[in-house]
Each structure stands twice: as C-alpha cells, then as structure tokens.
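Asker: Sequences listed follow chains F and E, in order.
Using our numbering, the letters of the first sequence correspond one by one to residues 380 to 719.
Using our numbering, the letters of the second sequence correspond one by one to residues 6 to 346.
Every residue, glycine too, gets a C-beta built ideally from N, C-alpha and C.
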Amino acid sequence: MEPHVISNVVVVLVLLAGFGIAAFVRRNRMWNDALRELWRRRPVAIVVVAIYAGVALLDSAAWMGGVESGEDVVAAHEAKSVLDRLFLGTQEKSYSAPFADAEFYGGADLAHPGSHPFGTDILGRDVLYLTLKGARVALLIGGLTSLIAIPLALLLGVSAGYFGGRLDDAVFFLISTLASIPGLLLLIALIMVMGQSTFSVCIALGVTSWVGLSRVTRGETLKLRELDYVKAARALGVSQLRILVRHILPNLMHLVIITFVLMFSGLVLSEAILSWLGIGVDGSWGQMIDQARDELTRSPIIWWNILASGTALFGLLLAVNFVGDALRDILDPRTLRDQP
Amino acid sequence: MSAAPQASAEPLLRVEALRTWFPIHAGLLQRVVGWVRAVDGVDLAVPAGGTLALVGESGCGKTTVGHSILRLVEPQEGAVVFDGVDLMSLSPAAMRAYRQQIQVVFQDPMASLDPRMRVRDIVAEGMQSFGIGTGTADRTRRVGELFERVQLDPDQIWRYPHEFSGGQRQRIGIARALAVEPRLVICDEAVSALDVSIQAQILNLLRDLQRELGLAYLFITHDLGVVRYLADEVAVMYLGQIVERGETEAVFQRPAHPYTRGLLAAVPSVDPERRSPPPQVLGDVPSPADPPPGCRFHTRCPEVFARCRAEAPPLFRVSEGAARCFLADPEAGSPQGRAGP
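Here is the structure:
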C-alpha cells in the first residue's frame, strides 16, 4: 500500500477515536468533570496542543495529483498533504533570512521575496514549512511509541500485580534488568539492529519506556487487589478477567493518562537526542536542530533554522507538560475533589 | 476437645478446626521463616436464620475467619460445612455456585464500592455473575426494588458512590449482598465505621431483613453493644482461637472467661453510678506469629496461675456454652492450686 494511503487511514482512525472518546466522556460524568476542570485551568496549553495536532493532521491527509509539474518532475508525482499544498511554490535556491528579499550568501534575488517568515534552509526550503511538518513527526513518535509502550506496560504491570507469585517475580526481574541498562545505550543498540526508520525508532523508544508505567501500574494493582470492592466482586463469583477489566483497569486509568501525557514529552525529547546522534527520524525537529550545528559555525551564522525548530519543540513540550501537571492534580485520587 | 454441637438440627454453616496461617518470607530466596497464625483452630456454627456474633480485638483473626469462609484467603486446614457441603473440598468452579448463598458486607463503605461504577452496576454485578434476572432492564428493576428494601431512593440508582453518605453507602453494600439472594451474610465490622445514630439505623435494617428474608448472619465485630442487640449467640476470639462461646445473654450475664469479663468491663457505661473500673486486661495482643505457650491469654490474664503458663486449656463446657479456661473446668471444681495474680 502507498504510504500516503496508510497515512490517510490513520487520520480517519485518529478522528474516529477522537469522536469515540468524546462520546464516552460526554456520558461519563467523572471524566466529563475532569476535562471541564482541565479546560478551566489550562485553556492556553490545550489550545496550543490542539494547534499542533491540527497541523499534524493537515500534514497527514495526502493525495496524488493536482500539482502543476513545475521544475521538479519527481515531486509532482508524489502524494502531497494539505500542508504541502499550502506551501507549494515557496522553493528558493539557498539560505535566506526571515522576510529577506535576497539570498543570505551572495545576495541574488529570491523567487518569492519577503514571503518566508522564518527564512529558508540550505536547499531553499521554507523553514516555517519544515517546522510545521515537524509537528506530524513529533506527534507520530509520541503517539506510536505510546501505543506500543502503554499496552505492554499495562499487560505486564497489571498481571504481575494481580496474580503475583512467579509471574510477578518474572516481570519484576525484567523491569529491574531493563532499568539497569542505560536507556540511551539500549536505544542506540536496538535502532542499530532494527535499522533506522520511524517505526524502528518508535519500537526502540517503546521498549525502553514501558518500564516506568509498568512499575506504577503493578504497585497500584497490588493496592487495588486488596480493596474491599475487589473482594466483594470475588465473593460474588465474578471472573478474574472481568475483575481486571471492570474494577482494576478503570481505577488505573488516571495513572495511565497522567503517565502517557508526561511520557509523551519525554519521548519527543528522546527523539531529538537520537537525531542529535544521527539516528533520529527524517523531518523531525531534532534533525533540524542537528543540522543547525554546522549552520551555527558559519559566519555570519544561520540562526533562524534552530530558532524555529527549537521554539516549536519547546512550545509543544511546555504545553504538554502544563496539561500533564494539571491532569495529575485533577485525576490523582489523593486530590480528588469529590472525596468527602 | 470442643463442646458438643447444639442439639437442634444441622446448622447452616459449621466451621470445624479452621486453621489459616500466613507464611512469613525472608531472605534472598524468600524462604518461609515462620507463620502468622491468624486463625488457629476455630469452630463455629451459624444456624439457619440465626445470628452468631464473632467478637474480638483488632488483630485477633476474626476478619480472617470471615475471609476463609468465603475462601477469599485459602485456609491450611479445617472444614467449612455449608448446608452439608464442605466448601474447602470444592474446586474454584464448584465453589462458585455456593458464593451466591454466602455474601459479605464490609466495614469501610468508602472502600467497598468501586468509585468508577454507578451504584446500579455495583448492585447488579452479582446478578449478572449468577444469571439472576432476564436482562438489563429486569436487573435495573430489581436494583430499584433492592433500593426500596434497604430504604434508599430508587431514583438514585444511576449515581456514583461518592454522591452518597456513609450510611447510604453501607445500605448499597447490603443491597449488593442481597441482590444474589444469599442465605448467609457475613457482616465484617459492617457498622463499625459509621456514626452511632447511623449504626442504629443499619442494625435495625439488618434485623428487619433477617426477619423478612430468613437470613443468617455471621456478625464480625468488636462492639459488644452491637452484639447484644443483634446476636443470638456470641463467640469471643483471642489470638486466633475461640476463648468463649454461648448464648448471648448468658455470656453477657455470666462470662466464664477472664478475657470476656475484661471485654465486658471495658464497655463504657452512660450511668455515672457505674463508672468503668480500671481495665482488667492490660497491654497488647501478643504477636500471632509467636503466640505464648500454654494458655494464649496468660500474658494478660488478671487471674493467671501456674498451670496456665504450661498447659493450653481446651474448651470446657459451661452452662450454656463453652470457655477455654481452666477456671471453667467443671471437674476441677473450685480453682485450687492457684498462684496469686
């Protein structure tokens, strides 16, 4: 299947999941209240995250055709996303400063003078366009890795905590072993083995990041298992699986969401570090920052590239962390407002 | 060793020589280095439609007895005979059918209801588990009826537990137990966490339900006032063993065991003429991991004598019950050879 078709399917799935979650939250008073409270506390951060997500979705919905075959014949036969189409015909020949009318080195006239708010890079691509494209990569890394890490962490953590015994010993041994290997070393090794692609970077990040959540869910399950309502369910002959699904998991969900949000920013940052080491994902902000290493040594220096990508990265992480902290305050049972 | 069972018909629940020990693990290899003898040879009988109160201090193992009967913890030894069937011999699948007939009401009304579920779903969970009711709508109707039965507003079944008061939550817990139409309800400190006025309401409710539905109760509590109000018979537990049992009024009027006397003396009185005497039972319960030799109560007994330290007393028959104390030994006559306290 063409990559852009997969990407379109993912967009549809993400939108459907969004509607599904919204429908669930509307019916569930507890989550509804929590989200209202979140919106009341952190409106700006939520809007910022939503803008990033919107840009990422714009860059994900792609189709062929509709592009005049300009100077680049190959590019005209590639699928173009909505974002690509918005920035069609902004190509220059080389570096230009923000809002400049001429090239940065040599001073040749630009094809589109004054139209690049963040300038252009070494290949003459609009830096604003590249920065916006980075949003999709960042959310893809955070989202896909979470999809790998969270189910793994929940499965191992909850079953270890609930069933205990040998299973618990085995899981805890695995957790301790993974935790004792330096994360970055393991990441690099895994990526070297699997080859460098977006997917393998996500798998490598997933394998190294489930440990924390797994520990948290194991501990919480140990606590929940002994609570009276779980005992009552056992006395009522409810099956183990049903107890896990109906009593344990819903009461862990707040931890999963808090950890997911806080893990998300860590993952995006990890990718930036991997890019710095040259094994990141194509088109990420980390890669832009990595490229800016050389640009910062030029004279006069090229500063807009790193500024744009760094600001975009910083803005996303700050907003996500704000949301995460607020969510923790709202969802943490110790601070639950409805507890008498 | 134990007193002869009641002459009447087979009780609904009979617990024989129940022994629930918990292993203590230590060291690198997690070897078992000792055992917490939470329940160490307990015999009980609950007649159909009757109430047995199991009384004791915190940590005496009374809750573990309840959990062992429900097989929420697995006992090492003993028999739990319910309606003629030994539950200990059943496989988990076979046990499931009996779970419907034995239900439990817990102490803490905050922890006993899942905060993420609507109370309708909490009460209906057992019905779903045992296939009671014909469908969702029918179960909802039954939940409404149960709410009326426990004197709650049936319009509130779609709320969450945190929207109810402590007493209301305890009523929800009772409704959940009644939803599967049990014959025996184990009330594990069911009113201990409530205000006194609410306690009275819940106790009245439990008594009314017993009359209407013919329920049998095993009432686990440390509150002697509750015992006198509700129980036909009482069993006093100390360090994993029954030290005295008998018909409630008889035990209250003529306690045969020094521990029971101490417990009764510790009940505060509202009558200023009957100010509490100084406590007779001093100190703390010894560790159930290392119970004292001889009579388990001898370290705290105000009437201890030499034999108590050397020899463990069996349950001696007294007028209407039994007591685990040499002073109650009918063959010994008057306590001779007694050392001073």
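Answer yes or no: do THR596(F) and GLY536(F) have a C-beta to C-beta separation smaller than 7 Å?
Answerer: The sequence position of residue 596(F) within the first sequence is 217, counting from 1. The sequence position of residue 536(F) within the first sequence is 157, counting from 1. In contact: THR596(F) and GLY536(F) (Cβ atoms closer than 7 Å).
Asker: Of all the CB atoms in chain F, is at least one closer than 7 Å to the CB of VAL85(E)?
Answerer: Indexing the second sequence from 1 puts residue 85(E) at position 80. It does not: the Cβ of VAL85(E) has no partner Cβ on chain F nearer than 7 Å.
Asker: Check distances from the C-beta atoms of the stretch 244-258 of chain E to those of chain F and list, in chain order, the residues that come in under 9 Å.
Answerer: Answer in chain order: no residues at all.
Asker: For the alpha helix (DSSP H) that ALA568(F) lies in, which residues bound it at each end?
Answerer: Walking along the first sequence from the start, residue 568(F) turns up at place 189. ALA568(F) -> alpha helix (DSSP H) spans 562-573.
Asker: I want to verify the contact list: residues of chain F whose CB lies under 8 Å from the CB of LEU77(E), in sequence order.
Answerer: Sequence index remark: in the second sequence, residue 77(E) carries index 72 (1-based). What LEU77(E) touches in chain F: LYS610, ARG613, ALA614.
Asker: Counting only beta-carbon separations shorter than 7 Å, does ASP607(F) have a partner in chain E?
Answerer: Mapped onto the first sequence, residue 607(F) falls at position 228. Yes, because at least one Cβ of chain E sits closer than 7 Å to the Cβ of ASP607(F).
Asker: Would you identify the three-state DSSP class for GLN619(F), choosing helix, strand or coil?
Answerer: Indexing the first sequence from 1 puts residue 619(F) at position 240. In this structure, GLN619(F) counts as helix in the three-state DSSP scheme.
Asker: Starting from the beta carbon of ARG408(F), find every residue of chain E whose beta carbon is closer than 8 Å, and list them in chain order.
Answerer: Locating residue 408(F) in the first sequence gives position 29, counting from the first residue. By Cβ distance, chain E contributes TYR165.
Asker: In whole angstroms, give me the CA-to-CA distance for TYR103(E) and GLY89(E).
Answerer: Against the second sequence, residue 103(E) aligns to sequence position 98. Against the second sequence, residue 89(E) aligns to sequence position 84. Computed Cα separation, rounded: 12 Å.
Asker: Hey, how far is the Cα of LEU34(E) from the Cα of LEU603(F)?
Answerer: For the purposes of this step, residue 34(E) is taken as residue 29 along the second sequence, with counting starting at 1. For the purposes of this step, residue 603(F) is taken as residue 224 along the first sequence, with counting starting at 1. Approximately 27 Å, taken between the alpha carbons.
Asker: Might you give, ordered along the chain, the residues of its own chain that have their beta carbon closer than 6 Å to the beta carbon of ARG19(E), omitting 5 neighbours on each side?
Answerer: As a working mapping, residue 19(E) is identified with position 14 in the second sequence. Cβ neighbours of ARG19(E) beyond the five flanking positions: ALA50, VAL86.
Asker: Quick one: which unbroken beta strand (DSSP E) runs of 3-plus residues sit fully inside the stretch 390-465 of chain F? Chain order, please.
Answerer: For the stretch 390-465 of chain F, not a single whole beta strand (DSSP E) run of length 3 or above is found.
Asker: Report the residues of the stretch 28-61 of chain E with a CB closer than 7 Å to any CB of chain F, ordered along the chain.
Answerer: Those would be none; no residue qualifies.
Asker: How would you list, in chain order, the residues of chain F whose beta-carbon sits under 7 Å from the beta-carbon of VAL109(E)?
Answerer: The residue labelled residue 109(E) in the question sits at position 104 within the second sequence. Those within 7 Å of VAL109(E) in chain F are ALA611, ALA614.
Asker: Going by other Cβ atoms of all chains shown within 10 Å of its Cβ, with 16 needed for buried, is ASN209(E) buried or exposed?
Answerer: For the purposes of this step, residue 209(E) is taken as the residue at position 204 of the second sequence. Exposed is the call here.
Asker: Mapping the DSSP letters down to three states, classify GLY88(E) as helix, strand or coil.
Answerer: As a working note, residue 88(E) is residue 83 in the second sequence. What sits at residue 88(E) in the sequence shown is Asp, not Gly. Residue state, collapsed to three classes: coil.
Asker: With DSSP as the reference, label THR304(E) as helix, strand or coil.
Answerer: Taking the second sequence and counting its residues from 1, one reaches residue 304(E) at position 299. Reduced to three states, the DSSP call for THR304(E) is coil.
Asker: Mapping the DSSP letters down to three states, classify GLY39(E) as helix, strand or coil.
Answerer: The residue given as residue 39(E) occupies position 34 in the second sequence. Correct three-state label for GLY39(E): strand.
Asker: Shortest alpha-carbon distance to PRO307(E) belongs to which of VAL196(E), PRO298(E), ALA270(E), MET242(E)?
Answerer: Within the second sequence, the letter at position 302 stands for residue 307(E). Of the candidates VAL196(E), PRO298(E), ALA270(E), MET242(E), the one whose C-alpha sits nearest the C-alpha of PRO307(E) is ALA270(E).
Asker: Flag this pair as yes or no: are the beta carbons of ASN630(F) and ARG121(E) separated by less than 7 Å?
Answerer: Here residue 630(F) refers to the residue found at position 251 when the first sequence is read from its first residue. Here residue 121(E) refers to the residue found at position 116 when the second sequence is read from its first residue. Yes, the Cβ-Cβ distance between ASN630(F) and ARG121(E) is below 7 Å.
Asker: Cβ closer than 7 Å: which chain F residues qualify as neighbours of ARG101(E)?
Answerer: For this step, residue 101(E) is matched to residue 96 along the second sequence. Going along chain F in sequence order, the residues near ARG101(E) (Cβ under 7 Å) are GLY616.
Asker: Grab the span of the alpha helix (DSSP H) containing PHE111(E) for me, first residue to last.
Answerer: Mapped onto the second sequence, residue 111(E) falls at position 106. Run containing PHE111(E): none; DSSP gives neither H nor E here.
Asker: Going by beta carbon distance, what residues of the same chain come within less than 8 Å of ASP480(F), once the five residues before and after it are set aside?
Answerer: Mapped onto the first sequence, residue 480(F) falls at position 101. Within the same chain, ASP480(F) has close Cβ partners ASP488, LEU489, PRO492, GLY493.
Asker: What would DSSP say about HIS633(F), mapped onto helix, strand or coil?
Answerer: Numbered from its first residue, the first sequence carries residue 633(F) at position 254. The answer is helix: DSSP assigns HIS633(F) an H, G or I state.
Asker: Once the 5 residues before and after ARG329(E) are set aside, which same chain residues still bring their CB inside 6 Å of it?
Answerer: Looking up residue 329(E) in the second sequence gives position 324. Only VAL248, PRO318, LEU320 meet the Cβ criterion.
Asker: If I measure Cβ to Cβ from VAL286(E) and keep anything under 6 Å in the same chain, skipping five residues before and after, which residues do I get?
Answerer: Taking the second sequence and counting its residues from 1, one reaches residue 286(E) at position 281. GLY267, ARG305, listed in sequence order.
Asker: With a CB to CB cut of under 6 Å and the five nearest residues on each side skipped, what residues in its chain are close to GLU381(F)?
Answerer: The residue labelled residue 381(F) in the question sits at position 2 within the first sequence. Within the same chain, GLU381(F) has no close Cβ partners at all.
Asker: Taking the alpha-carbon of VAL323(E) as reference, which of VAL110(E), CYS192(E), ARG250(E), ASP48(E) has the nearest alpha-carbon?
Answerer: Walking along the second sequence from the start, residue 323(E) turns up at place 318. The shortest C-alpha separation from VAL323(E) is found at ARG250(E).
Asker: Do ALA440(F) and ALA514(F) have their CB atoms nearer than 7 Å?
Answerer: The residue given as residue 440(F) occupies position 61 in the first sequence. The residue given as residue 514(F) occupies position 135 in the first sequence. Going by C-beta atoms, ALA440(F) is not nearer than 7 Å to ALA514(F).
Asker: List the residues of chain F whose Cβ lies closer than 9 Å to the Cβ of GLN105(E), in chain order.
Answerer: Residue mapping note: residue 105(E) aligns to position 100 of the second sequence, counting from 1. Per Cβ cutoff of 9 Å: LEU615, GLY616.
Asker: Quick check on the burial criterion: 16 or more other C-beta atoms within 10 angstroms. Buried or exposed for PHE403(F)?
Answerer: Looking up residue 403(F) in the first sequence gives position 24. Counting Cβ neighbours within 10 Å, PHE403(F) comes out exposed, since fewer than 16 surround it.
Asker: Give a yes or no on whether 7 Å exceeds the smallest Cβ distance from ASN411(F) to chain E.
Answerer: On the first sequence, residue 411(F) is found 32 positions in, with the first residue counted as 1. No, because no Cβ of chain E sits closer than 7 Å to the Cβ of ASN411(F).
Asker: Using a C-beta cutoff of 7 Å, does ASN630(F) count as contacting chain E?
Answerer: Position 251 of the first sequence, counting from 1, holds the residue named residue 630(F). For ASN630(F), the answer is yes, since a Cβ of chain E falls inside 7 Å of its Cβ.
Asker: Give the residues of chain F in contact with VAL185(E), contact being defined as C-beta atoms less than 8 Å apart.
Answerer: Taking the second sequence and counting its residues from 1, the one referred to as residue 185(E) is at position 180. Residues of chain F passing the Cβ test: LEU615.
Asker: Per DSSP, CYS192(E) forms a beta bridge with which residues?
Answerer: Position 187 of the second sequence, counting from 1, holds the residue named residue 192(E). DSSP output for CYS192(E) lists VAL110(E), PHE224(E) as bridge partner(s).
Asker: Is there a C-beta anywhere in chain F that falls below 7 Å from the one on SER274(E)?
Answerer: For the purposes of this step, residue 274(E) is taken as the residue at position 269 of the second sequence. Chain F, which has no Cβ nearer than 7 Å to the Cβ of SER274(E), makes this no.
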